[in-house]
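Here the working numbering is used: the sequence shown runs in plain steps of one and ends on residue 226. Glycine included, every Cβ here is placed at the ideal spot set by N, Cα and C. Predicted model, so just to flag it, every value in this text is computed and none were measured.
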Amino acid sequence: MRHGNPIISLHNVMLHYGDGTPVFKNVSLSLHENSFHFLTGPSGSGKTSLMRLLYMGTRPSSGTLKIFDRDVSEISCDELYQFRQKIGVVFQDYNLLNHLNVIENVALPLKVKGESEKNREQQAKEILDWVGLGNCFNAYPDALSGGQKQRVAIARAVICRPKILLADEPTGNVDVQIADKLMNLFYGMHKIGTCVIVATHYRQFVDTFHYDELRIESHNVVAH
Ligand SMILES: Nc1ncnc2c1ncn2[C@@H]1O[C@H](COP(=O)(O)OP(=O)(O)O)[C@@H](O)[C@H]1O
Ligand SMILES: [Mg+2]
């Protein structure tokens, strides 16, 4: 199903690390604004690597990747910085800053945008309440459980209402009730126009929610 303009497109993309065998070969696909995709595939198949390509943490070894209609190989460092502000990322290993408390971690994208401290704090508290972390505003990441860190990472990724939301195994460490709530949050983002990509090996979500599925098979990404 098509949903508006392509916001991400890959043409014959190949990726390998060092001299190793390719993680991907010949990947061609277009993802659209306001679409919702699950990215599936067994452990080691390349889900995190594809996410890394999409947030421009690495570039294709060959082929063309366009994001916001721009070839990423032609984007300058300044532009990259601006592009990244439109992409929310929930990293598989959270990537929280240990010297900042929960509110400061979540509010960081707003600080980068130049929002006032009062606004930042208010918005961070709202989203943290929503993800069930209203009682740990001032905690530091080291004091949080894996599931709590995961929700801080999600709150930080969505706070700026990004155009693209990449969530890498975002519900791996929370119980089913919270996982459902987080899925609803992602669904809400999709409804306001965000292109959402959720990497998961949790089959139950894919079967329950019936969104488009991108499955990594034999070093390629196949739409199902
Ligand atoms: N930074 C890296 N350097 C070298 N090899 C990597 C790196 N990241 C991932 N790989 C390799 O790429 C393949 C895909 O890994 P990954 O993208 O993490 O898969 P998944 O997220 O599906 O488990 C694996 O063989 C993995 O060992
Ligand atoms: Mg992974």
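Review point. Roughly how many angstroms separate the alpha carbons of residue 106 and residue 127, rounded to a whole number?
Key: What you label residue 106 is simply residue 104 of the sequence shown in a count that begins at 1. What you label residue 127 is simply residue 125 of the sequence shown in a count that begins at 1. Distance between the alpha carbons of residue 106 and residue 127: 10 Å.
Exercise for review: Give the DSSP-derived three-state secondary structure of residue 79 in the structure shown.
Suggested key: The sequence position of residue 79 within the sequence shown is 77, counting from 1. In the structure shown, residue 79 sits in a helix (DSSP, three-state: H, G or I).
Practice item. Quick one: residues in its chain with C-beta nearer than 8 Å to the C-beta of residue 121, no 5 flanking neighbours on either side, listed in chain order? Key: For the purposes of this step, residue 121 is taken as residue 119 along the sequence shown, with counting starting at 1. The answer, listed in chain order, is 112.
**Study point:** Residue span of the beta strand (DSSP E) that contains residue 8, given as start and end
**Key:** On the sequence shown, residue 8 is found 6 positions in, with the first residue counted as 1. Residue 8 -> beta strand (DSSP E) spans 8-17.
Check your understanding: Which two residues bound the contiguous alpha helix (DSSP H) that contains residue 190?
Key -> Along the sequence shown, read from residue 1 onward, the residue named residue 190 stands at position 188. It spans 178-193 - the alpha helix (DSSP H) in which residue 190 sits, taken as one unbroken run.
Exercise for review: Excluding the 5 residues preceding and the 5 following residue 211 in the sequence, name in chain order all residues of the same chain whose CB lies nearer than 7 Å to its CB.
Suggested key: Residue 211 sits at position 209 when you count from the first residue of the sequence shown. Counting only Cβ-Cβ distances below 7 Å, and skipping sequence neighbours, we find 185.
**Study point:** Touch test, the stretch 55-72 against the stretch 35-45, Cβ-Cβ under 8 Å, three pairs minimum
**Key:** no
Check your understanding: Grouping DSSP H, G and I as helix and E and B as strand, with all else coil, what is residue 113?
Key -> Taking the first residue of the sequence shown as 1, we reach residue 113 at position 111. Looking at residue 113 - three-state DSSP - the assignment turns out to be helix.
Point to revise | Under the three-state DSSP convention, the category residue 107 falls into | key: Position 105 of the sequence shown, counting from 1, holds the residue named residue 107. In the structure shown, residue 107 sits in a helix (DSSP, three-state: H, G or I).
Review point. So residue 136 packs on residue 180, CB below 8 Å; how close in whole Å?
Key: Position 134 of the sequence shown, counting from 1, holds the residue named residue 136. Position 178 of the sequence shown, counting from 1, holds the residue named residue 180. With 8 Å as the limit, residue 136 and residue 180 do not qualify as a contact, their Cβ atoms being about 14 Å apart.
Point to revise | C-alpha gap between residue 88 and residue 23, whole angstroms | key: Against the sequence shown, residue 88 aligns to sequence position 86. Against the sequence shown, residue 23 aligns to sequence position 21. Roughly 32 Å between the two C-alpha positions.
Exercise for review: Measure the Cβ-Cβ separation of residue 65 and residue 16 and say whether it is below 8 Å.
Suggested key: Translated into the one-based positions of the sequence shown, residue 65 becomes position 63. Translated into the one-based positions of the sequence shown, residue 16 becomes position 14. Going by C-beta atoms, residue 65 is nearer than 8 Å to residue 16.
Review point. Whose C-beta lies closer than 6 Å to the C-beta of residue 162 among residues of the same chain, with five residues either side of it excluded?
Key: Walking along the sequence shown from the start, residue 162 turns up at place 160. Within the same chain, 111 come within 6 Å of residue 162 by CB-CB distance, once the 5 residues on both sides are set aside.
Check your understanding: How would the residue list near ligand 1 read, in chain order, if you kept each one whose beta-carbon is closer than 5 Å to any heavy atom?
Key -> 19, 25, 45, 46, 47, 48, 49, 50, 51
**Study point:** Rounded C-alpha distance that separates residue 174 from residue 149
**Key:** Numbered from 1 along the sequence shown, position 172 holds the residue referred to as residue 174. Numbered from 1 along the sequence shown, position 147 holds the residue referred to as residue 149. Cα to Cα, the separation comes out at about 8 Å.
Point to revise | residue 33 in three-state terms, based on DSSP | key: Indexing the sequence shown from 1 puts residue 33 at position 31. The answer is strand: DSSP assigns residue 33 an E or B state.
Exercise for review: For residue 224, write down the residues that DSSP places opposite it in a beta bridge.
Suggested key: As a working mapping, residue 224 is identified with position 222 in the sequence shown. According to DSSP, which records beta bridges pairwise, residue 224 is partnered with 217.
Check your understanding: What is the residue span of the alpha helix (DSSP H) that residue 127 lies within?
Key -> One-based indexing of the sequence shown puts residue 127 at position 125. It spans 119-132 - the alpha helix (DSSP H) in which residue 127 sits, taken as one unbroken run.
Exercise for review: Could you tell me whether the stretch 32-41 touches the stretch 190-205, using the rule of 3 or more Cβ pairs below 8 Å?
Suggested key: yes
Point to revise | residue 131: CB within 7 Å of a non-hydrogen atom of ligand 2 | key: Here residue 131 refers to the residue found at position 129 of the sequence shown. Residue 131: no, Cβ never under 7 Å from ligand 2.
Exercise for review: Could you tell me whether any non-hydrogen atom of ligand 2 is closer than 7 Å to the CB of residue 94?
Suggested key: To locate residue 94, count along the sequence shown from 1; it is residue 92. Within the cutoff, so yes.
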